[in-house]
Each structure stands twice: as C-alpha cells, then as structure tokens.
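Q: Before I ask anything, let me first share the structure, which is written out below as structure tokens.
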Amino acid sequence: MEKGKENEGEREKGEANNSLMTSAVFHKDIDNLLDFIERLKNRRDQIALDIDENENLTMLLKFMSSFFQLFYFIPGGLDAEKSCMLYEFHGLVQSLFHQNGDDMLRKLTDDVPTCLLENMVSCLSSYHNSEPSATMTEDQLVVSMTEDQLVVLLDALLVYLHDQSKLFAKLICPLKTEYEVLQNVCGNLRDFHGLKVNNYIEYETIEYVLSQFQLMAERVKHFCFAFLAYHFKMIADVPQVKLAHLLLEIVPVQLEVMHICCTNLKASKSAEVGHFKKQLLEASPDILREYLIHLQEHRVNVITLSTSAQNIYVMIEFLLIILTDLPKDIIHHDKLFVFLSRVATLTREVSILVRNTEENSRNEENTNETSYTSLDLRGNIEFLKEDLKYVFLKAPVDSQQLCFPNSDGSLFMNLLLINLNGLLNSNAYAIALIKEEIGLMKEYLQFIRLFFGNVEQELNRDLWTRVLDVAYEAEHVINSILVRDHGLLHLIFLLPDTVEKIKLIKKEVQENMSLIVVNSPNKQVERKPSKKQVGQIIVGFEEEKNLLISQLTNRLAELDVISIIGMPGAGKTTLAYKVFNDKSVTSHFDIRAWCTVDQEYDSKKVLHKFFNQVTGLDAEFTEDFDVYDELRKTLHSRRYLIVLDDLWDTKAWDELTMPFHDFQKGSRIILTSREKKVALHGKRHSDPLNLRLLRQEESWELLEKKVFGEESCPDELRDVGEEIALKCDGLPLALDLIGGIIAKMEKKEDLWLEVLNNLKSFKNEGEVMEVIELSYDHLLDHLKPCLLYLASYPKDTNIQISQLNDLWSAEGFAEQNDIKSVEEVSESYVDELISSSLVILFNERGISDRSIKIHDLVHDFCSRKAEKKNLLGFVRSRDPSSFSDLMPRGMIIHYDHSEESFVLFSPEKKNPYVKHLLSLKVDMDEYGMPNKLPENCHLRHLRLLTRLELLHITLTDSTLNEIGMLVHLRCLNIRTEARAFPPSFANLLNLETLVVDNGRSLMVISPSIWSLPKLRHVSMNKFFLFEPTIDKPTVLEEELKLENLRILHKPAIFCLEDRKEIFKRFPNLRNLKFSITIPRNFRSDAIDEEICFPRLDVLNELEEVSAYFSVKWHNAHQWDFHFPLSLKKLELRRFDLTSDSLSRIARLPNLQKLCLHSLTIQGKEWNAEEVTFHSLKSLKLAWVSFSEWQVGEESFPVLEELQLRHCTELTEIPDSFGDIPSLKSIALDSNPQLEDSALRIKEYVSEMTGKDKLELK
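Here the working numbering runs 5 ahead of the position in the sequence shown, where the first position is 1.
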C-alpha cells in the first residue's frame, strides 16, 4: 500500500517535471524566434519582413509566452495532451531554422502564428468547458500554493496584462481606464507581497490581508482568460462588466494594504517600505476614483434601504469631487500624503459599509441601522471640508470673475432660477452637499429679479450687469461641482465666495428700493386666451378655392397636378387644407393623403407616411419593404388625391411621385411650393396658381376676427386697426401674428398706435421675421423658452401635447405645483402660445389627442434665436467646427456614422464645456448602418443632462451602464436590445419619462424601476413588469409603488386569477396600454379557469385604456371587465364580447371614445336598444364579427363620429343613427354592403334638417 502511494507520488512528480520541461522548451523556442525576428529587423538575415509584420509577430510571440506561463498555474493546465502540442510547436520551430528564403518566411509568418493560436484556443476551450469559478466557492477556487509560486504567479499576471494590452489594444480601448487601474492594483499588491518576501515587514503585521492575495490572483487570471474567450466568441459575457466586478473585488484588498501602511507601518524606518508607501499613495487617486464610480454603478441596489444608508452615496459623491481633477498644485506639499491617507481611509470605510450591507442583503437580514449612524458620514464630510479649507489646500490668489456672455439677461435669469429650483427638488445625492448654498442663491436672485422686473433696467444698467455676471458665475460654480470639473476648488472656496457676492448685491438692491419705480411701457396685460382664438381663422381666397375645387373634381380622366405657389406666410398650406377637406372633394376621391416635405426630406419616410394614410394602418417598416411598389399597387385603379405640401426642389418631386401612376381615374396631386420652377416641372394640364396676397378689406376682416372673434371692432379703434392691417401688406401670417399681439393688449388707441409705428412692410422673409420677433417679445418670460425649444423637433412635425409634457418637464419649464399637474401646466402654456398665433392647433383625426404645429418661418426664427441665446445648438456629427467654445444648454445632433469626426463625447478632444450640457438629442438615419455609437463616444461625462434622446441608435450594455450614472436625467428616450436595465439605472432618481424602443427584446424592468420614485411616463414596445416566472406574492404583496406614474404603455402581463390586481402598484395611472398573454407550457384546459382581465377599477384616476389579448385562442372566453368610472377612452382588441358586457361598458358615465377591434360579439348580435352611452362621441368598430345591430333612439345621444372598417358580416347601419343630432360623420372602409344604408341615413338627415351636415367618408 505504501509502495503504491510512493509510486503515485513519483508519477505526479514526474508529470510535474515533464510539464516544467515542456514549458521551459516552449519559452526557449519563443526567445529564439524573437531573437531571429530582431535580426531580421536589423537586416542581418537574407529574408525580408516588413515593419508591421515584424511588430505584429513580435507582439503575438510575447503574448503567447506570457499566456502559457499563466496557463501553467491552472491545475492540470499543461497536461499530457497540451504538452504534446507544445512539443509539436518545438518541432515546427526547429524545422524553421533549417529552412531558407521563402519557405522560412512562410513558416514564420503563417505556420508559427497558426500553430500558436490553435494551441491557445484549445487550452482556452478546455479551461472554459470546465468552468472553474462558476460553481466553486472562494475556498475551492484557491489551490494550495507556495510563497514562491505566488511570487511567480503575480509576476506572470503583470507580464500577461501588459502583453494583452498591446496585442488587443482595439478591444481594450473602451475599457482603457479600468484596465490601467487593474494593472496598477496588481503591481501594487505584487510589490507589497515582495516587501514581506524580502523580510522588510513582519508576517504577523499583514497576515490577515495576505490570505486574500492568492484569491485575488486567481480572479485576475480568470478574467484574463474570460477576456480572451470573449474575443474568440466562446462566451457572451461582456468584458466591461466582468472587469467592473473584478475591480470591486480586488480594490478592497489594496484598501486594506493602504490601511496597513497608514497604521501598522506608519512608524516603519525601512527605506523600501517608505518608497512603497509613497508609490502607493501617488497612484491612489485614479484607483480610488474608479472604484467609487463602480460602486455607484454596480452596487446601487444594496444601499437604498434607508436615509442613513443613502448617506453612503453622499460620501461617495464627496470623495469623487475630491478625486476627480485633483489639483495637487493647490495642496500644501507637506500635507499631500496625509491628505491622501485621509481620503483612502474614508474610501475604505465606505467600502466596508457597502460590503456589509450587501452581505446582509444576500443573507436576507435587515440592514443594521446603527452600522451607518455609528459612522457619522455627514459629520465626517463637514470635518474634512474644514480641514481642506484651513489645513490641506491653498486658497486661490484671485477670486474667479466671469462675465455674462449673452445678450438676453432676463431669459438667462429665468432659466437659471428654473434650474436652481430643479436642483432643490432633485433626488441626486450630490445636491445634498450644496443644497443650503443653492437655496440661498435662489432666494437672493429671486428677490433681485423681482426688483428688476418692476424698474426699468436701463436706469440701473451697471447694477444689472453685475447681477448677471455673478449669476452666471453662480451657475458655473454649481455646474462645475456637480460634473466634478475641478469640483474641489469650487466646493471649498468659490461656492461660498459666490454666495457672499450675491448676498452683497441683494443688500445693495434693498438700498435702491427707494428708487422711483418706472413701469415698463411695453409691459403687456396678461389675459386668458379666448377659446374663439384657439385655431386658424380662414379669410378670403373664395375665388381661388372654387377654381381649385373645379380643377380637382372636373371630368378629366388623366392625372393632373394642381400647384399653388407663393411667398412664405401667404397661406398656401391653409388654402390647400381648406380645399382638401371640402365636402365636394372628400366625396369625389376614393383615397386622400397629405404629407409635408421638409428641405432635408427622406423620400422613404415620406412615402411610408403616405402608405399608412392610404391603407389606414400605423405600420412600422423594415429596410427591405418596397414602398414604391406597394404604394403603387394600393393606389391601382382607385381615384386618389395626394397633397405634397411645401416642396422645395424638382428632385424631390421626381422621387416622391414615382408611385403615383396615371390610372385614368381622374386622380389629382396638389403641390404647394415657394419655388415656381418646381410647379412648372410638375405641371400636367392645369397652370400653377400664383397665390395673391389678401386684399385690403380681407386683411382687415382677418385682423378683426383674430382680435375680437365674432364681435366687431369699436369705432374708436377701427381707423388705427385698418392702418395696421394695411401695413401687413396682405400677408396672412403677418396679420395672424400681429393680431395675436394686440389681442392681448388693452383696447386703447395709444397702445395700438405704438404697434403701428413699430411695423414695417412685409415684402420679404427677413421682414416677416421682424414681426415674429415682435410677437416673441410680447410673450411672458416663462413662455419664451417653451416656444424656442419647439425647434428641437423637425420642421412640419405634428407635436403631440403629451410630447410637450415630457420636453418642458425635463427642461424644467413646466413643473407640478400645489394647484396643477405637469400636464395641466403644459396645457395652459400651449393655449397661451396658440393665442399668440406663434403656434397652430392641429388635429389630424377627429376626436384625438391635441397636437400643434409651427409655421416653417416660426421654426426658422426659433432655431436662430435659440442658437443666438445659447439655448440650443444644431450640428452634424461630421462637422466638428460647429461646436462653439461655449456650449449651449441643449444640443441637437444628426449623427452620420463618421466615427473619427464625432468629437463631442471623446475625452481626448471634447470641448471642456460639454460637461455642462443640460439636454442632448442625437438622431441617426433610420436605415443608417451601423446604428451604434463608436466605442470612443462616452456619455459618463455629461453628468448634468436632464434630457437625453438617442434616436435610431442601438445602445450597448456599457453605454446603458453609463446612462445609469446621469443622475439628473428627467427624460430618457433610447433604443436597446438588452434583456434588462443595468443595476446603475437605480441611480436615476429624478427620471420622469422613460421611452425605450426595445425592438423585439422582451425586457424585464424590475427591479430597477421601483427605485425611480418620480417616474411619470413609461413607454416601450413590449416588456414585462416582473420576471415571467415570478411568484404572486412578490408581484402583489410588496409595498413599493410608483405614486407619480401617469402613463404606462405596453407592458405584457400574465393575468391569472391570483394576480388580477397587478396594476394597483401604480395607483395614479391615467393612461394605460397593455397586452394579456399566458405563460409558456400553461395547460390549455386551465385557461378558461385561470386567465382573467385585470382589475382596473382600483385606479380611480384612469382615463384611457387600450387592451390587447395576444394569445391565439379559438374558444370563446367570458371576460369579467372592471373599469373605473373615470374612464374616457377605451380600446379593446381580440377580447370576445357579449351584449351584456357592452351594456356594462355603456354605464361608464365619462366614456367619450370606444374602439372595438378584431373581436367577435357572441351570438353575432349587439342589442343596444335599452342602453345609453351617455358621453360617447366617437365609436370605431374594426374587424368586428357581428351581423345584427339594434340601436335605440337614445343609445348614442351625443355621438359625433362613427367608423366602420371591415365589418363584413354586418348588413346595414341602423336607421336610428339618423336621429342623432350631434352626428357629424360616418366613415366606411371595405364595407361596400353598408354604403346604401349610410347614404339613406345621410339623405334622411338632409331632409330633416335642411342641411348637408352629415359627411360620408
């Protein structure tokens, strides 16, 4: 038995020796090859090798040497099979040296690299197939190792990390900073271990930390091999995430080493120890900074349990301000290492708290509150701030003096106060460090602005200039602290100085309160907008309208083009719109569609919009969709009317009219343009209409209606009013804008005369701009930025009011108050802008969400003004010259894939002021390739962003992780294919709007979503609220709720009987769109018993619901609906209904719009004779399967709109619809069998009312 053990031991020893021999032979071969290549480089041999081949081969050989040196430390790494491979390589090398000329070159450049790579891949494959760290504990991971072996392993790791960074420089580039930290930490720990090996420090002193060294080395080794495996596509784990978690594990070991150096070894007289301590502390700022950043990114979920726990984050922010852009030149030299030791000690304490909290969370224990309060983190911050000011730092010699660079001081001051208010209400942890100072600044500046709002600024020009300078300085100081741009200097010295400056100016203003207050002569009288003025007023052009209608509806069978040309603001679009919607035109054509064409149009997008209009769909399109062919086939043999509004050039005409063939059906195209050559290019039969300007009497009629509505102008104002109208030169846009100004004024002749005297003629675009400027100047201060930011939308965009809620809220322009919600505040702002005529109310379809548009000239004005006032910048990514030295508040970038030129986010090239950007919108062509940001583009520097929109750009996991650190974000609109948000998203405590294009990825938004208390709007393609396999108790019984959530779009829910109250965690929802699905492998015979409709009656504020049953199920199912009484709009798709369930829906007292889609009414009969939809204005039935419909006289008493699409089984529309006095239209699509009954109802209404009031579409 003993002899057997002895033989086994001898065999193991022999294998080890054989492995050593194999390794030694291999490294000798590599050395020989490197020497040979060096000789080639020095041209001492006969064969030639170019420089690139030489460098690449040298890097590869060095890397292979370090790889197999490291691989040797894997248990069983160089087994018999691997040793055999290396011996084969040895034979290859030996044969190479016996070759010459081309054969030698081929073997050197082809055979040697191929053999090495194949051997390496084989080793990697065997290593990762065994998954050594995936299922093993820390004790199992560490294999017993001698001290000498550990020394060799640490040295091997450093060599390997260096060689890997050279060979895979491109792959490492995105994580260069973290990789360098890894190298520094490994080097520091190797050097510290060397002190012990060389007996410069006693073992007992460092015993507890040495036990972590081998574990650390094993973790680094595993990362190295995982990095390689990712490169060779063996694993999918992203290196950035693995490296981040590795640093979180190994940096605490260095923190312990630093702690030992600053305590146990503090009194050491060893020169070697002293040199190491200096080296360690000098390298510490970068290491500590990256460690704290990764704590924020990856450990956020474990320390959000209490206020005391959140103080950890405040401390982390404080430490990061210190460690970022650390100004060593203002630190007293003799205090530098004491200072760094203090910072390292605080970082270690934070690290211990986080790790303890994480351990408690993992063990499902309650966090020990005393563990946080025992360390007075906030107290430590204040204590260190005092020492920084009076012990460690040198005070700046000169106080910072910035000069206000803008021309519009009032606008800047308004925006600054909005920003300060937003910061005071922010949940960002960094604000806690400066909240008191921000509060004082806001208080002082509000008082000062109030003073200057009541006195003429010209009388106090010098004082106002100083106010603006110090306010600008205040903004700069606060922003610099929050973005960590020399934040320590600003926090300790400049912030208190700036607060004191503002305080002194406030005192000076108080002393000036005795000045004579002069009322501003231009100050307008605010009044609520008249509802009569909300919308466009159309006057004149009756002759032109009749001419156009006759051209559209005449008997000419050939396709004709009807062109309207004229100057900007002449009313071309208004006239076209009036004709387009005329009853005689709508009844004449089978299909009508309208699209506005921008100067920078995308022909595919325009035609996609046409396709959706003519088909009545809302489809999304793939790149291979042939829209030209599909649109042509859809229009075939049908009489169509197409409007191309605001066409700029002939090329656009040629591209956009390709699908519009002449089918000899009398089809027409309406074209509006400023350019006569475009109209002549497209001409068929009819001559272009050169739109005249309004006549004098028409001009006065338009102005009078704009100002007085249906009332008449008082006699004392008529003369001056007619003079104003005359000065507008018959230009409708000018009349509309001027009318918006004087409508808000008191009806006094002297005020109107003042407007008259300020008017010039409007013979060209520049002069029109002057009247827009005049309208802008008459806006209240809070409305000016709201208007200018509309330029962030492309021209001719229909802007939904809900979009404005998100935009204005993110920018801080519209905020909730004690009386109104954000939505109500935005609505009031929209009404005020509409009443000014700078914004046009625009609804494409009947009863729908309100939307607005702005005229092209108003858009141009807003763009120019926003750029001039430094509010918005409009650039293309390939044009770096367009980035000014002073960054605007917001940036709109069209990204064109020019990786090398996209400099905004490049740390090496970036504008220093880019860190102060507040909003960013980056757009990419929808079919652009590639659709990702280049690797050198980073978002983590943009820490002040409140709004971020990255449209049509698929984000990587690393970019998502960076977004999670933008703690001030209020609005986020992105595209990603990720399965879940990274943990860092729990940092977005101020996020209000989250819009995600997640493609076909079924994202799960828990748990990050529950850490975002301010969320108001969540919209995605399709997502899960919880993991599909989650238990019911977790779904329903947790106390976490999102109290502020108002809009929730497209969650997919597994609504079984035991979780039908799933939405109660969003108690204040107003708008909900969702789908119901069933778990995989769910028993089909249990669906009827288990599947159910969620209880929505628990949501007392719910107004809009759209529900979709996404399961293809052939059996009829009885749904039990529970809707709240507050419901106004309801859409049900694929839910089979009964007459009884429809009757229950009818009892909803506030329901105004009902849409039933792709469903069957059981029994094929809808009996609505005994029910009343008291408030229903719009009823839409699409693909509804029923054949009998009984309607009583009072079933739909206030109905305005009836739409029937593809209801092929219904034989007629009930005659009682003709008795509904409010009915305005009946729209039919693919229902030829219903046309007779619709026409009969129309004739009946005409006969009873004497008017042609019912429109058939």
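Don't be surprised by glycine CBs; every beta carbon is placed ideally from N, CA and C. All values derive from a computational prediction rather than experimental measurement.
Out of Val30, His641, Phe1029, which one is the CA nearest neighbour of Gln669?
A: Nearest of Val30, His641, Phe1029 to Gln669, Cα basis: His641.
Q: Give me the Cα-Cα distance between Thr182 and Thr677, rounded to the nearest whole angstrom.
A: Their Cα atoms are separated by approximately 56 Å.
Q: Cutting at 7 Å between CB atoms, please list the residues of its own chain near Glu287, excluding the five before and the five after it.
A: Nothing listed; no residue qualifies.
Q: DSSP on Lys1262, reduced to helix/strand/coil?
A: Three-state DSSP puts Lys1262 in coil, outside helix and strand.
Q: Which one of Arg945, Leu949, Leu953 has the shortest CA to CA distance from Val927?
A: Selected option, being the one with the closest Cα: Leu953.
Q: Kindly indicate which three-state DSSP category Lys1185 falls into: helix, strand or coil?
A: Reduced to three states, the DSSP call for Lys1185 is strand.
Q: Given a cut-off of 9 Å on the beta-carbon distance, is the pair Gln245 and Ser989 in contact?
A: Cβ atoms of Gln245 and Ser989: not closer than 9 Å.
Q: Below 8 Å, how does it come out for the region 617-633 and the region 566-574: are there three or more Cβ pairs, yes or no?
A: No: the two stretches stay apart, fewer than three of their Cβ pairs being nearer than 8 Å.
Q: Would you check if there are 3 or more beta carbon pairs closer than 8 Å linking the region 425-440 to the region 312-328?
A: Judged by Cβ distances under 8 Å, the region 425-440 makes contact with the region 312-328, as three or more pairs qualify.
Q: Look up Gln805 in the DSSP assignment and give the residues it is bridged to.
A: Partner(s): Ser856.
Q: For Cys128, is the classification buried or exposed, using 16 other Cβ atoms within 10 angstroms of its Cβ as the cut-off for buried?
A: Under this definition Cys128 is a buried residue.
Q: So, do the region 266-284 and the region 356-366 have three or more beta carbon pairs nearer to each other than 8 Å?
A: No, because fewer than three Cβ pairs between the region 266-284 and the region 356-366 fall closer than 8 Å, the two stretches do not touch.
Q: Can you name, in chain order, every residue of its own chain whose Cβ lies under 7 Å from the Cβ of Val190, other than the five neighbours on each side?
A: Closer than 7 Å at the Cβ level, and outside the excluded window around Val190, lie Ile255, Val256, Gln259, Ile292.
Q: If you drop the 5 nearest sequence neighbours on each side, which residues of the same chain put their C-beta closer than 7 Å to that of Thr558?
A: If we look at Thr558 and ignore the five residues flanking it on each side, its Cβ neighbours are Ser589, Val590, His593.
Q: Find out if the Cβ-Cβ distance for the pair Asp1141, Thr1177 is shorter than 9 Å.
A: In this structure, Thr1177 does not lie closer than 9 Å to Asp1141 by Cβ.
Q: What does DSSP give as the partner residues of Val1196 in its beta bridges?
A: Val1196 is bridged to Ala1173.
Q: How is Glu7 classed by DSSP in three states: helix, strand or coil?
A: Any reading at Glu7 is ruled out, since the residue's pLDDT is 45, under 50, leaving its predicted position unreliable.
Q: From the DSSP secondary-structure annotation, give me the bridge partner or partners of Cys1212.
A: DSSP output for Cys1212 lists no bridge partner at all.
Q: Just to confirm the assignment, what range does the beta strand (DSSP E) spanning Val1110 have?
A: Where Val1110 is concerned, the enclosing beta strand (DSSP E) stretches over 1109-1114.
Q: Kindly indicate which three-state DSSP category Glu598 falls into: helix, strand or coil?
A: Note that residue 598 is Ala in the sequence shown, not Glu. Note: Ala598 maps to strand in three-state DSSP.
Q: Pick out whichever of Asp242, Asn204, His303 has its Cα sitting closest to the Cα of Leu252.
A: The residue with the shortest Cα to Cα distance from Leu252 is His303.
Q: The beta strand (DSSP E) that contains Lys1134, what's its start and end?
A: It spans 1134-1138 - the beta strand (DSSP E) in which Lys1134 sits, taken as one unbroken run.
Q: Would you mind listing the beta strand (DSSP E) stretches within the region 1062-1086 that are 3+ residues and don't spill past its ends, in chain order?
A: Runs of the beta strand (DSSP E) inside the region 1062-1086: 1076-1082.
Q: Mind checking who Val725 pairs with in its DSSP beta bridge?
A: Paired residues: none, contrary to the question.
Q: Rounded C-beta distance between His973 and Thr951? I'm assuming under 8 Å.
A: Right, their Cβ atoms sit about 5 Å apart.
Q: Quick one: residues in its chain with C-beta nearer than 7 Å to the C-beta of Lys399, no 5 flanking neighbours on either side, listed in chain order?
A: Excluding residues within five positions, the ones whose Cβ falls inside 7 Å are Ile335, His337.
Q: In this structure, how does DSSP classify Tyr645 when only helix, strand and coil are distinguished?
A: In this structure, Tyr645 counts as strand in the three-state DSSP scheme.
Q: How would you call Phe1126, buried or exposed, if buried means at least 16 neighbouring beta carbons within 10 angstroms?
A: Phe1126 is buried by the Cβ-count criterion.
Q: Using the three-state DSSP reduction, which class does Tyr900 fall into: helix, strand or coil?
A: It is a strand residue.
Q: Around the C-beta of Asn1, are 16 or more other C-beta atoms found within 10 angstroms, so that it is buried, or is it exposed?
A: This structure gives no information on residue 1, because the portion of the chain shown stretches from 6 to 1262.
Q: Check whether the Cβ atoms of Leu297 and Ile321 lie closer than 9 Å to each other.
A: Contact: yes.
Q: Can we say the region 419-429 touches the region 750-757, given the rule of at least three CB pairs closer than 8 Å?
A: Not touching, per the Cβ criterion.
Q: Could you name the residues of the same chain whose beta carbon sits closer than 6 Å to that of His690, not counting the 5 residues immediately before and after it, in chain order?
A: If we look at His690 and ignore the five residues flanking it on each side, its Cβ neighbours are Asp565.
Q: Using the rule of at least 16 other Cβ atoms within 10 Å of the residue's Cβ for burial, across every protein chain shown, is Asp168 buried or exposed?
A: Asp168 is buried by the Cβ-count criterion.
Q: According to DSSP, is Met1253 helix, strand or coil?
A: If DSSP states are grouped into helix, strand and coil, Met1253 belongs with the helices.
Q: If contacts are defined as beta-carbon pairs under 8 Å, then Ala349 and Met263 qualify, I think. What distance do you get, rounded to the angstrom?
A: Correct: roughly 5 Å between the Cβ atoms.
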